[in-house]
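A short write-up of the structure that comes next.
2 protein chains.
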Amino acid sequence: MTDITMIEAAAKRLKGHARRTPLLSSPFLDEIAGRRVFVKPECLQHTGSFKFRGAWSALSALDPAVRTKGVIAFSSGNHAQGVALAARMHGVPSVIVMPYDAPHLKIDNTRALGAEVVLYDRFGEDRDAIGETLSKERGLTLIKPYDEPLVIAGQGTTGLEIAEQAAHEGIDKADVIVCCGGGGLTSGIALALEARAPGLRARPAEPENFDDATRSLLSGNIETNASGNQSICDAIVTPSPGQITFPIMQRLCGPGIVATDEECLKTMALAFLRLKIILEPGGAIALASALFHQDEIKGDAVICVASGGNVDADVYQDALRKYGTPNPTDS
Amino acid sequence: MTDITMIEAAAKRLKGHARRTPLLSSPFLDEIAGRRVFVKPECLQHTGSFKFRGAWSALSALDPAVRTKGVIAFSSGNHAQGVALAARMHGVPSVIVMPYDAPHLKIDNTRALGAEVVLYDRFGEDRDAIGETLSKERGLTLIKPYDEPLVIAGQGTTGLEIAEQAAHEGIDKADVIVCCGGGGLTSGIALALEARAPGLRARPAEPENFDDATRSLLSGNIETNASGNQSICDAIVTPSPGQITFPIMQRLCGPGIVATDEECLKTMALAFLRLKIILEPGGAIALASALFHQDEIKGDAVICVASGGNVDADVYQDALRKYGTPNPTDS
Chain A
1 MTDITMIEAA
11 AKRLKGHARR
21 TPLLSSPFLD
31 EIAGRRVFVK
41 PECLQHTGSF
51 KFRGAWSALS
61 ALDPAVRTKG
71 VIAFSSGNHA
81 QGVALAARMH
91 GVPSVIVMPY
101 DAPHLKIDNT
111 RALGAEVVLY
121 DRFGEDRDAI
131 GETLSKERGL
141 TLIKPYDEPL
151 VIAGQGTTGL
161 EIAEQAAHEG
171 IDKADVIVCC
181 GGGGLTSGIA
191 LALEARAPGL
201 RARPAEPENF
211 DDATRSLLSG
221 NIETNASGNQ
231 SICDAIVTPS
241 PGQITFPIMQ
251 RLCGPGIVAT
261 DEECLKTMAL
271 AFLRLKIILE
281 PGGAIALASA
291 LFHQDEIKGD
301 AVICVASGGN
311 VDADVYQDAL
321 RKYGTPNPTD
331 S
Chain B
1 MTDITMIEAA
11 AKRLKGHARR
21 TPLLSSPFLD
31 EIAGRRVFVK
41 PECLQHTGSF
51 KFRGAWSALS
61 ALDPAVRTKG
71 VIAFSSGNHA
81 QGVALAARMH
91 GVPSVIVMPY
101 DAPHLKIDNT
111 RALGAEVVLY
121 DRFGEDRDAI
131 GETLSKERGL
141 TLIKPYDEPL
151 VIAGQGTTGL
161 EIAEQAAHEG
171 IDKADVIVCC
181 GGGGLTSGIA
191 LALEARAPGL
201 RARPAEPENF
211 DDATRSLLSG
221 NIETNASGNQ
231 SICDAIVTPS
241 PGQITFPIMQ
251 RLCGPGIVAT
261 DEECLKTMAL
271 AFLRLKIILE
281 PGGAIALASA
291 LFHQDEIKGD
301 AVICVASGGN
311 VDADVYQDAL
321 RKYGTPNPTD
331 S
């Protein structure tokens, strides 16, 4: 099971391969949030999201004889790109099973990074069966997106950096809000903070109608989202927290925060204006929580993990058209 | 006159106040450029451009009794914001004289950062006379945008970071392309590289019709741009290189590179797609030079300084509408 030793071992394997992202801030955002806001921009990570960390962690730990046959992953996009690049950098083949309706940019990038992309219908086909057939035929190793200790350890390296960077800013007590799908990033960061910055507490942020982690933390059981809902936060619309990630979150995380799609669009525009980084909707939800749900947060500082920036240009233009011109309430 | 000792002294004064920006890259950009491309994203600096470095350097070196009366600056935008924030962080007043037609975002931000903004007509009024009157009345110290040794020293700290980061990437010989207006950033970086990474060579990048530095380097004299031209690169449309910056550039810089507005828009979209950073047109021109003028560059690696990201949402949407969807030639 993932622990601080595994996370630090992952950090050693990632050194020189993954990017150490900075901690950003803006007086304009502090004013909106009513406290100091720090943003960990994992959109600046290789492939535009934190997923490269977990993918590298898992691939670099494989037995070379196994790794050389290749890897397979299921992903709506960010995990796909992370695995594709990590495989290419290791010189091994990758197959990525992606839903037809994933953002074009994510599908195109995954292919351009050298992966073989197999598309399936999220509402009609069984992706696990597709994946199992391919794995058996070719001897591919499955890299799970979150419910895998080595992946959680890789994502946890983000938490090691946050612990150091927060100390440098003089912050020893604060919430660390994390964009949460299956909980790999949230649980990895929670484990790193427990060991290296016990005054910092991870909290999941989720979209409306996809608040499975938030409800699971409240009930104490793994809850599932109702089917049939939509959200622009494509990166984090997983049905429920993982079997491995949930117990970690239950032990270590503060309450979840739920933000709307519209709040995410507004946050994307504020990140354009104030931080000069590209956020995708799901990558904006932690910062959206800090900016627009300030009553649910305590303390004079908050840290938000901005998990990714792989957004299609048309969605991004929507955000700018609606919210890209600052008004007096924003500044 | 600015030298490496002044730059290193500025780096000490900036430590803990200015941000150390990372060095970014993308395999997609490497492919377009035909060599490894590294980007120093000064858009992630405080106030969204490198100008904060020079402003902080100058303000922090003032005699406190003088500084407390306040400072004044002339600027189309980025220097304005840098001076405004540096003044606010020092607890002193600032007055910024800006052209009416500067981007709204830059004017609004300068005001929101606590400066008193005085607008003037670039084509009718004498900004120097306006500034001189205000300075005399209130005892304000003028912070020049580039022809000032302490400002050049502050911008030069970017070059110290590049020297370290290039060594870390194993690059000991490469061109460092720098977005060039009056030459403060270019000459500061050139001085830092001369002392700390002599195999790296600074080269100015400029917009069509505003290629004064490029022509000055060719002729050996300070050349001036014809009046009446327009460019979307508002940050770097100065009329000529400075009296102090030009001799430094002449001694140390390689030939200039001239890129078109359209190449800048295309580069802004590529930075959206591949680096997840916001570039303004003038901030994109060094990377545009590396991507679209590769025949003018030698070596297997190139470093580009992306100087700022303060762009109005409508210009940014233009870039995305035209070039925001990748096509086969981009990847």
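Protein chains in written order, with full-length UniProt numbering: chain A, 1 to 331; chain B, 1 to 331.
Ideal Cβ positions, reconstructed from N, Cα and C, are used throughout, including at glycine.
Quick caveat: nothing in here was measured; it's all calculated off a predicted structure.
Item, Value
"Please confirm if residue 30 of chain A has its CB atom under 8 Å from at least one CB of chain B.", "no"
"Is there a Cβ of chain A sitting closer than 8 Å to that of residue 325 of chain B, yes or no?", "yes"
"Tell me whether the beta-carbon of residue 304 of chain B lies closer than 8 Å to the beta-carbon of residue 319 of chain B.", "no"
"If we count Cβ pairs, one from each stretch, closer than 8 Å, do we get three or more for the stretch 7 to 26 of chain B versus the stretch 52 to 67 of chain B?", "yes"
"In chain B, which residues lie with their C-beta within 9 Å of the C-beta of residue 22 of chain A?", "19, 20, 21, 22, 44"
"Roughly how many angstroms separate the alpha carbons of residue 43 of chain A and residue 200 of chain B, rounded to a whole number?", "29 Å"
"Starting from residue 98 of chain A and walking both ways along the beta strand (DSSP E), at which residues does that stretch end?", "94 to 99"
"Could you tell me which residues DSSP pairs with residue 38 of chain A in its beta bridges?", "A:303"
"Quick one: using the 10 Å Cβ neighbour count with 16 as the cut-off for buried, is residue 81 of chain B buried or exposed?", "buried"
"Decide if residue 271 of chain B is buried, meaning its Cβ has at least 16 other Cβ atoms within 10 Å, or exposed.", "buried"
"Below 7 Å on C-beta distance, what does residue 52 of chain A contact in chain B?", "Neighbours of residue 52 of chain A on chain B: none; closest Cβ ~12 Å, over 7 Å."
"Extract the residue ranges of the alpha helix (DSSP H) inside the stretch 26 to 91 of chain A, only unbroken runs of 4 or more that lie entirely within it.", "27 to 33, 51 to 61, 64 to 67, 78 to 90"
"Out of B:119, B:322, B:184, B:77, state which residue places its alpha-carbon closest to the alpha-carbon of residue 310 of chain B.", "B:77"
"Determine, for residue 276 of chain A, whether the minimum Cβ-Cβ distance to residues of chain B falls below 8 Å.", "yes"
"Of all the options A:251, A:242, A:51, which has the alpha carbon lying nearest to the alpha carbon of residue 203 of chain A?", "A:251"
"So, with DSSP's three-state summary, where would you put residue 7 of chain A?", "helix"
"Would you call residue 295 of chain A buried or exposed, if buried means 16 or more other Cβ atoms sit within 10 Å of its Cβ?", "exposed"
"Could you list the residues in the stretch 107 to 127 of chain B with a C-beta less than 8 Å from some C-beta on chain A, going in chain order?", "108, 109, 112, 113"
"Taking CB distances under 8 Å as the criterion, tell me whether residue 48 of chain A reaches chain B.", "yes"
"Taking contact to mean at least 3 C-beta pairs separated by less than 8 Å, is the stretch 234 to 254 of chain A in contact with the stretch 131 to 151 of chain A?", "yes"
"Report the residue from A:39, A:128, A:8, A:228 whose alpha carbon sits nearest the alpha carbon of residue 289 of chain A.", "A:39"
"Closer than 8 Å by beta-carbon distance: list the chain A residues that pair up with residue 316 of chain B, in chain order.", "272, 320, 324"
"When we look at the beta-carbon of residue 64 of chain B and count the other beta-carbons within 10 Å, is it buried (16 or more) or exposed?", "exposed"
"Inspect the CB distances between the stretch 263 to 282 of chain A and the stretch 129 to 138 of chain A and report whether three or more fall short of 8 Å.", "no"
"Report the start-end ranges of each beta strand (DSSP E) in the stretch 189 to 229 of chain A that is 3 residues or longer and not cut off at the edges.", "200 to 207"
"Count the other CB atoms within 10 Å of the CB of residue 100 of chain B; is the residue buried (16 or more) or exposed (fewer)?", "exposed"
"Using a threshold of 8 Å, state whether the C-beta atoms of residue 313 of chain B and residue 283 of chain A are closer than that.", "no"
"Please state the DSSP three-state secondary structure of residue 326 of chain A.", "coil"
"Residues in its own chain within less than 8 Å of residue 255 of chain A by CB, not counting five upstream and five downstream?", "203, 214, 217, 218, 296"
"Once you ignore the five residues that flank residue 36 of chain A on each side, which residues in its own chain have a CB closer than 6 Å to its CB?", "30, 301"
"In chain B, what lies closer than 7 Å to residue 309 of chain A by C-beta?", "276"
"Which term fits residue 176 of chain A, buried or exposed, when burial requires 16 or more other beta carbons within 10 angstroms of its beta carbon?", "buried"
"Return helix, strand or coil for residue 179 of chain B, following the three-state DSSP convention.", "strand"
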